[in-house]
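Going by our numbering, the first residue of the sequence shown is number 1, and it counts up by one from there. Positions of the beta carbon are idealized from the N, C-alpha and C atoms, including for glycine.
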Amino acid sequence: MKKFYILFCFLCYFWAGQAQPLYPPVYDCYQQDAALFSKTQPWVQEFEKLKWDIQQQLTTLIQSEQVYVAQAIPHYRDLRSVVNIATLLNRLDSVYDQFFVRAATAIQMEYGSLSACSADRSAANEQQFLIDYLEEKVFQLSTNYASQEFARQLGFKSARVFIDQETDSWLTRDQDLSEHDLQLEQPLQDDYFWCVFNAGWDMELTNPESALLHLLESDAGKGKQSKLKEILLFIFDNWREIEDILNWLNTNVFGDCHAVARASFKETIPLDRNLSPDHRRKISYQVLQRGVLLDGRATKTNLKGVARVYKKKWIGWGRDRMQQVGISYCTLQFDPCNNQPWPLNGSPYIQVPNHRYAKSVLQQIHPYALSIRNSQEEFLTFDIHFNSSYLKSIYLFGNRPCYGN
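Written out as C-alpha cells, the structure is:
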C-alpha cells in the first residue's frame, strides 16, 4: 500500500510537471534557430569578457582594500574603504545590467525580421518571449553580478545576496505578488550598501576614522559591536558620499530646533494595459519623509523613494531589466526654524524624475526641518513613472498634484 501511495504521488508530480512546463514551447524553436544563434554569439563572447574583467577588478579591489572575512563578518579598513568598495560594486552591477539592455535591444532589432519562431499572434508578446529567452537561456543573467562575485571571492553571504535570493523565491512563489516586497522591509531602504554588510547586517572596521572611534567610545552603555552597527546603519541610510559622512562625524550637530514632519507609504501596484499591453507588470515602491535621526537630533529632512518593476513570466514573476521606472516629487512646506516657507518664494519645489531601468532610487537631504502646518496649503506629493509616462501620485501630505495630472 505504501509503495502504491509513493508511486501515486510521483505520478501526480510528473503530471503537474507535464501540465506546466518550465519554459514556453517557443524556447525550443529559438534554441534550434541558426539565425538567432549567429546574432547572439558575438554578444555572448563580449559578455563573457565583461564578466572576466569584473572578476579581475574585484580581485584587485579586495587585495588593495585589504578586505577579509572572519567568523562570517567582512572586515574593512575604515569608512572610506567601505564607501569606495560599495561605489565600485554598484557601478559594476550597473555596467553588467546595461550591457544586457544594449545587447538584447540590438539582437531584438536585428533578429526580428528573420525570426522563424512565433510565440503567438502578438508581435509584442513574441518580443517579450525573446527577451526572456535571452535573459534565461543565452546570457543566463545573475542579479547584481559584481556584488555576488565580491561575496563569493571573500566567502561570505552579503545582505544583498541574501535578500536577492529571498526575493527570487518570492517572485517564483507568489503568483499575484500579493505578499509584501521584502526589499522594502530592510533596515536600509536603498540597497546601495547592502553589498558590504553580511546577512546579519554586521561588518567590522580594522582601522576606523578617529571621529567614528570617538563616537563609539562616547556611549559606554552599549557594546562596541552593537553601537557600531547602529551608527553604520544610520550613516548608510542617509549618505552615500564619504565627504558627507565625514562631515557629519566631525560636526555631529543639527541644531534640533524643530521636529520634522514624518510619513511613509509603500505598496505594489499593477500597470494598466495601456501602459503595458504585452505583459502583466507590477511596480513595488516606497516613499517617505523623515528627520535625520541619531540621539534625538532631527533638524535635517530626508526625502526618499525607491521603485522596482516586475513582469509576469511563464512561471512566476521576474525583475524587468528592460523597462524604466522613475520617481519624482513636489512639495511646499514650512521651515519652522527660520519661521518661513520652503521654498522661500512660496512656489512648490519640483524634483524631476530619475528614470532608471528596473529600479529607481531617489534620496535628498534638506538642511531644514521641513514641517506641515496646514495640509490644505502645504503638501508633499511623489509621482511614479513607467517608461517616462506618469503612472501614479502618492499624496504623502496634503492632496496637491505636481503637474495637474
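Taken in chain order, the whole beta strand (DSSP E) runs of length 3 or more contained in the segment 223–289 are 263–270. Counted as a single uninterrupted DSSP element, the alpha helix (DSSP H) harbouring I54 occupies residues A34 to S64. DSSP, reduced to helix, strand and coil, places K392 within a strand of the structure shown. In the structure shown, the three-state DSSP call for V292 is coil. In this model, K282 and Q108 are separated by some 23 Å (Cα to Cα).
The C-alpha of V325 is placed about 7 Å away from the C-alpha of I384. Taking a contact to require three or more Cβ pairs closer than 8 Å, the segment 194–202 and the segment 149–162 qualify as touching. In the three-state DSSP reduction, Q186 falls in the coil class, being neither helix nor strand.
Each residue's CA atom was taken as its position, placing N90 and P341 some 37 Å apart. For the 9 Å CB-CB criterion, D237 and Q289 do not form a contact. With fewer than 16 other Cβ atoms inside 10 Å of its own Cβ, V352 counts as exposed.
Rounded to the nearest angstrom, the gap between the Cα atoms of Y30 and R80 is 48 Å. According to DSSP, P74 shares a beta bridge with V69.
Its Cα nearest to that of A70, the residue E204 stands out among E204, V287 and F129. Listed in chain order, the non-local C-beta contacts of Q376 below 8 Å within the same chain comprise G398, local neighbours out to five positions each way being set aside.
Y133 and L36 have their C-alpha atoms roughly 11 Å apart. Residues of the same chain with a CB within less than 6 Å of the CB of R280, apart from the 5 flanking positions on each side, are K312 in chain order. For C330, the beta-bridge partners assigned by DSSP are I350 and T381. In this structure, the straight-line span from the alpha carbon of K49 to that of S147 is close to 17 Å.
In this structure, Y192 sits near R240, with a CB-CB distance shorter than 9 Å. A contact is defined here as three or more CB-CB pairs under 8 Å, and the segment 327–344 meets this definition with respect to the segment 356–368. Beta-bridge partners assigned by DSSP to Q324: Y357.
In this structure, DSSP gives F193 a helical state, which the three-state scheme calls helix. Non-local beta-carbon contacts of S264 in its own chain, meaning distances under 6 Å to residues more than five positions away in sequence, involve L288 in chain order.
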